[in-house]
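Quick notes on the structure that follows.
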Amino acid sequence: MAKRYENLDGVSTHKTWADFRRWQRERKQKQKDLSYVVPHVSPPQYERLRESNGRPQLCWVGHSTFVVQLNGITIVTDPVWANWMGAAKRLTAPGVPLDKMPPVDVVLISHGHYDHLHFGSLRRLKGDPHVFVPVGLGRLFRRRGYRHVTELSWWETASFHGVSLTFVPAQHWTRRTLWDTNTSHWGGWVIEADDAPTVYFAGDSGYFRGFRDIGERFSIDYALLPIGAYEPEWFMGPQHTTPEEAVQAFLDCRARLFVPMHYGAFRLADDTPKEALDRLWTEWRRRGLEEERLLCLKLGEVIDAAQALTALSQFDNSFSQTSAITTVKQARQKE
Numbered sequence: 045m046a047k048r049y050e051n052l053d054g055v056s057t058h059k060t061w062a063d064f065r066r067w068q069r070e071r072k073q074k075q076k077d078l079s080y081v082v083p084h085v086s087p088p089q090y091e092r093l094r095e096s097n098g099r100p101q102l103c104w105v106g107h108s109t110f111v112v113q114l115n116g117i118t119i120v121t122d123p124v125w126a127n128w129m130g131a132a133k134r135l136t137a138p139g140v141p142l143d144k145m146p147p148v149d150v151v152l153i154s155h156g157h158y159d160h161l162h163f164g165s166l167r168r169l170k171g172d173p174h175v176f177v178p179v180g181l182g183r184l185f186r187r188r189g190y191r192h193v194t195e196l197s198w199w200e201t202a203s204f205h206g207v208s209l210t211f212v213p214a215q216h217w218t219r220r221t222l223w224d225t226n227t228s229h230w231g232g233w234v235i236e237a238d239d240a241p242t243v244y245f246a247g248d249s250g251y252f253r254g255f256r257d258i259g260e261r262f263s264i265d266y267a268l269l270p271i272g273a274y275e276p277e278w279f280m281g282p283q284h285t286t287p288e289e290a291v292q293a294f295l296d297c298r299a300r301l302f303v304p305m306h307y308g309a310f311r312l313a314d315d316t317p318k319e320a321l322d323r324l325w326t327e328w329r330r331r332g333l334e335e336e337r338l339l340c341l342k343l344g345e346v347i348d349a350a351q352a353l354t355a356l357s358q359f360d361n362s363f364s365q366t367s368a369i370t371t372v373k374q375a376r377q378k379e
């Protein structure tokens with residue numbers, strides 16, 4: 045019998061069919077404005093991914109898919125270029141077309157849900173990437189003929205060409221069939237390399253104490269945190285953060301810059317991209333946080349973090365934020 049994985053403190057995300065039917069009844073009564081579409085960067089910047097010259101770069105493709113370039117390697121998180129998720133059509137095209145992607149060295153998978161693991165997209169990536177997955181998920185890849193697959197449990201670290209990849213906890217669940225619920229784990233990834241920013245990709249998660257644990261173990265520069273698929277909160281709460289909880293998670297993990305994700309590509313719940321962003325900015329300002337620390341990327345936008353890294357290296361964690369953020373802002377304005 046396959047092992048079943050759990051959350052910290054035994055927190056359950058289980059919902060009954062009665063809960064699901066209640067949600068669907070409520071959903072039919074809601075009228076939502078779906079006119080807002082997350083914008084694409086213009087003109088396209090994907091050529092910069094092919095010409096990084098070893099400089100650290102970050103690009104949001106959409107949903108939970110990012111391109112992270114450090115130490116001369118290209119990393120892709122949760123690769124999903126699918127136009128459909130079940131019966132739901134993608135709300136806007138990916139920020140970087142698959143045929144414009146550079147060769148990929150590493151793929152990081154947060155968990156097995158279809159909006160985070162799409163084999164059709166993975167097969168079409170250029171290169172022969174090494175895939176790092178949660179424990180229990182490797183057999184799914186090996187059955188499909190993938191040769192370079194490494195499974196990690198929470199807090200385990202692997203190294204790839206000088207880049208450290210640590211699998212960290214999240215509060216979620218997973219399933220791809222009716223029979224494999226929670227037979228593999230879920231989590232986020234912390235990406236570290238010498239002389240490069242530390243990137244925390246949170247995957248998919250509800251709010252939990254693990255954000256503090258991660259912040260205590262790592263010095264995080266960029267926190268890529270989910271803000272969507274939270275409504276109705278009585279149903280989604282344990283598995284997806286609200287925008288307000290995402291702000292608290294950012295503070296808990298002690299990151300310097302917050303890049304929101306997990307919104308705008310698929311309508312997985314009842315919230316809209318506009319609602320998620322409005323609530324995020326409202327909470328951000330309510331807490332008096334510097335607006336420059338919140339980087340709401342356009343689809344396909346590429347951030348060159350080299351100048352930010354230079355600023356960050358000159359100050360300690362307590363006083364570096366303003367200088368680093370200003371440098372990031374200046375770098376974006378020059379592009």
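Mapping of the sequence shown onto this note's numbering: position 301 corresponds to residue 345, and the numbering continues sequentially without gaps.
From the three backbone atoms N, C-alpha and C, an ideal C-beta is built for every residue, glycine too.
Since the structure is predicted, the reported quantities are computational estimates derived from the model, not experimental observations.
**Request:** With a 10 Å radius around its C-beta and 16 neighbouring C-beta atoms as the bar for buried, classify residue 384 as buried or exposed.
**Result:** The shown model of the chain, from 45 to 379, leaves out residue 384, and the question about it has no answer.
**Prompt:** In three-state terms, what does DSSP make of residue 76?
**Reply:** Along the sequence shown, read from residue 1 onward, the residue named residue 76 stands at position 32. Of the three classes helix, strand and coil, the one that applies to residue 76 here is coil, per DSSP.
**Item:** Contact under 8 Å by Cβ, residue 228 with residue 49
**Value:** The residue you call residue 228 lines up with position 184 of the sequence shown. The residue you call residue 49 lines up with position 5 of the sequence shown. Yes, these two residues count as a Cβ contact at 8 Å.
**Request:** Specify the secondary structure class of residue 151 as computed by DSSP and reduced to three states.
**Result:** The residue given as residue 151 occupies position 107 in the sequence shown. Reduced to three states, the DSSP call for residue 151 is strand.
**Asked** Does the distance from the CB of residue 151 to the CB of residue 120 come in under 8 Å?
**Response** For the purposes of this step, residue 151 is identified with residue 107 of the sequence shown, where counting begins at 1. For the purposes of this step, residue 120 is identified with residue 76 of the sequence shown, where counting begins at 1. Against a cut-off of 8 Å, the Cβ pair of residue 120 and residue 151 comes out as a contact.
**Item:** Supposed contact pair residue 321 and residue 297 - C-beta distance, whole angstroms, cut 8 Å
**Value:** Residue 297 sits at position 253 when you count from the first residue of the sequence shown. Residue 321 sits at position 277 when you count from the first residue of the sequence shown. At roughly 21 Å, the Cβ-Cβ gap does not stay under 8 Å, so residue 297 and residue 321 are not in contact.
**Request:** For the stretch 114 to 128 and the stretch 137 to 149, state whether three or more C-beta atom pairs, one from each stretch, are separated by less than 8 Å.
**Result:** yes
**contact_flag[the stretch 172 to 190, the stretch 270 to 286] where n(CB pairs < 8 Å) is 3 or more** = no
**Prompt:** Residues in its own chain within less than 8 Å of residue 180 by CB, not counting five upstream and five downstream?
**Reply:** Within the sequence shown, numbered from 1, the residue matching residue 180 stands at position 136. Answer for residue 180: 46, 47, 49, 195, 227, 228, 229, listed in chain order.
**Prompt:** Contact check, residue 270 vs residue 246 under 8 Å by CB: the rounded distance?
**Reply:** For the purposes of this step, residue 270 is identified with residue 226 of the sequence shown, where counting begins at 1. For the purposes of this step, residue 246 is identified with residue 202 of the sequence shown, where counting begins at 1. Indeed, because the Cβ distance is near 6 Å, the residues count as touching under 8 Å.
**Secondary structure of residue 310, DSSP reduced to three states** = Mapped onto the sequence shown, residue 310 falls at position 266. Here residue 310 sits in coil by DSSP.
**Asked** Tell me the DSSP bridge mates of residue 263?
**Response** Within the sequence shown, numbered from 1, the residue matching residue 263 stands at position 219. Residue 263 pairs with nothing; no bridge assigned.
**Message:** Taking the alpha helix (DSSP H) that residue 250 belongs to, which residues open and close that run?
**Reply:** Position 206 of the sequence shown holds residue 250. That residue, residue 250, is in no alpha helix (DSSP H); it is neither H nor E in DSSP.
**Asked** In chain order, what residues of the same chain lie with their CB nearer than 7 Å to the CB of residue 78, ignoring the 5 residues before and after it?
**Response** On the sequence shown, position 34 is the one that residue 78 refers to. If we look at residue 78 and ignore the five residues flanking it on each side, its Cβ neighbours are 316.
**Message:** What would DSSP say about residue 236, mapped onto helix, strand or coil?
**Reply:** As a position in the sequence shown, residue 236 is number 192, starting the count at 1. Of the three classes helix, strand and coil, the one that applies to residue 236 here is strand, per DSSP.
**Message:** Am I right that residue 237 and residue 206 are in contact with their C-beta atoms under 8 Å? What's the rounded C-beta distance?
**Reply:** Numbered from its first residue, the sequence shown carries residue 237 at position 193. Numbered from its first residue, the sequence shown carries residue 206 at position 162. Between residue 206 and residue 237 the Cβ distance is about 6 Å, and since that is below 8 Å, they are a contact.
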